[in-house]
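Chains as they are written, first to last, in the working numbering: chain A, 73 to 330; chain B, 5 to 96. We treat Cβ as the ideally placed atom computed from N, Cα and C, and that holds for glycine. Source: prediction; values computed, not measured.
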């Protein structure tokens with residue numbers, strides 16, 4: 073995880089994590105060249121797997137140009153042109169996390185190009201939905217793009233960062249829904265469990281935010297602990313924390329757990 | 005879990021957050037200068053909280069959300085401020 077220290081990998085293994093799946097995301101600043109993305113994709117597909125492997129933790133990743141850097145359509149096209157050269161690497165699960173950030177026209181164009189790329193290369197898709205005031209609208213716009221492409225099979229797409237006001241529309245459209253957990257400002261473990269209690273475990277999964285902001289790599293296992301405190305049986309915890317991600321990710325033949 | 009068990013698990017945390025919320029509103033009220041669209045959205049969300057039955061989290065989230073349906077011409081920046089500033093406005 074490019075934004076985290078090695079101790080996090082060690083802690084994840086200690087807590088029982090079986091694999092880490094890292095999406096391509098914003099670096100905290102805009103990269104100034106295609107070469108910058110090339111180096112980033114090399115980091116995700118070469119260095120990070122080796123760093124995680126030191127602790128026996130399989131490392132997988134998703135590749136894309138993050139929505140926060142999608143406003144420059146010409147630059148985005150140049151980055152997308154180098155992406156196919158990385159898709160065959162052994163730890164690449166698919167295209168992600170693509171999507172929208174401020175719901176602009178250019179972001180939509182770049183999203184459509186990513187979706188087209190995924191369809192042409194038979195890749196799984198991980199979608200990022202905007203945060204805060206932009207989430208509801210952005211989720212609707214994203215669903216429109218995905219549904220407009222007849223090559224896209226909803227069961228091969230996970231739409232992440234759902235919350236109480238977006239989870240229903242994602243599940244109703246047949247997609248997987250991800251809840252990225254944060255200790256503050258966004259979806260917390262308690263709220264995620266509320267959503268699980270309301271909608272059930274079908275096509276829902278949890279993941280830990282591990283980014284530049286305040287985030288906790290172990291928040292998924294901690295949520296498992298909170299599920300137990302709330303009376304969920306061990307099988308129910310295992311279904312959401314382990315079986316569901318394995319079911320979705322196993323659609324990529326490269327995803328293997330020992 | 006029954007209601008008492010939910011209260012056992014979450015009451016103190018929710019009480020703490022409610023007091024933080026009250027203190028925040030006092031802090032804003034006592035501070036000099038004008039407020040902006042965020043406080044308006046906050047009051048709208050509080051109304052949704054009081055009004056809501058069983059769907060409060062969704063109602064509060066919607067109170068802060070951009071209700072429009074068309075993409076914006078260009079991204080005004082990268083960040084989100086947590087409340088929709090209104091049509092034609094740009095969050096600072």
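For residue 143 of chain A, the closest Cβ of chain B is nearer than 7 Å. With the rule of 3 Cβ pairs closer than 8 Å, the region 34-54 of chain B does not count as touching the region 107-114 of chain A. From the listed residues A/243, A/262, A/179 and A/323, the smallest Cα separation to residue 15 of chain B is found for A/262. Taking 7 Å as the CB threshold, residue 223 of chain A stays off the interface with chain B.
Spatial neighbours of residue 215 of chain A in its own chain (CB-CB distance under 6 Å, excluding positions within 5 residues in sequence) are listed in chain order as 245. If you compare the alpha carbons of A/238, A/145 and A/101 with that of residue 177 of chain A, the shortest gap goes to A/145. Per DSSP, the unbroken beta strand (DSSP E) holding residue 251 of chain A starts and ends at 248-253. With respect to the 7 Å criterion, residue 152 of chain A and residue 96 of chain A are not classified as neighbours on the basis of their beta carbons. Distances from the CA of residue 220 of chain A to each of A/233, A/198, A/208 and A/187 were compared; the closest alpha carbon is that of A/187.
When Cβ-Cβ separations below 7 Å define contact, residue 31 of chain B makes no contact with chain A. Within the DSSP secondary-structure output, residue 317 of chain A pairs in no beta bridge. Contact between the region 170-184 of chain A and the region 64-75 of chain B is present: three or more C-beta pairs spanning the two stretches fall below 8 Å. Distance check between residue 202 of chain A and each of A/210, A/78 and A/295 places A/210 closest, using alpha-carbon atoms only.
Of A/127, A/159, A/104 and A/253, the smallest CA-CA separation from residue 117 of chain A is found for A/159.
DSSP, reduced to helix, strand and coil, places residue 81 of chain A within a helical segment of the structure shown. Residues of chain B with a Cβ closer than 9 Å to the Cβ of residue 262 of chain A are, in chain order, 13, 14 and 17. Residue range 106-114 is occupied by the alpha helix (DSSP H) that includes residue 110 of chain A. Interface annotation, residue 176 of chain A: in contact with chain B, CB-CB separation under 7 Å. Beyond the five residues adjoining it in sequence on each side, residue 281 of chain A comes within less than 7 Å, by CB distance, of 252, 253, 254 and 287 in the same chain, given in chain order. Within the same chain, and ignoring the five residues on either side of residue 166 of chain A in sequence, the residues whose Cβ sits closer than 7 Å to its Cβ are 134, 190, 195, 196, 197, 198 and 324.
Under the 7 Å criterion on CB atoms, residue 75 of chain B is classed as interfacial with respect to chain A. Pairing residue 297 of chain A with residue 305 of chain A, the inter-Cα distance amounts to about 11 Å.
The beta-carbon of residue 232 of chain A is placed no less than 7 Å from the nearest beta-carbon of chain B. Using a CB distance below 7 Å, the part of the region 55-71 of chain B facing chain A consists of 61, 62, 65, 66, 68, 69 and 70, ordered along the chain. When the five nearest sequence neighbours on each side are left out, the beta carbons in the same chain lying within less than 8 Å of the beta carbon of residue 103 of chain A are those of 109, 112 and 141, in order along the chain. Rounded to whole angstroms, residue 83 of chain A and residue 276 of chain A show a C-alpha spacing of 25 Å. Under DSSP, residue 171 of chain A shares a beta bridge with A/200. Shown here, residue 256 of chain A sits in coil according to DSSP, grouped into three states, outside any helix or strand.
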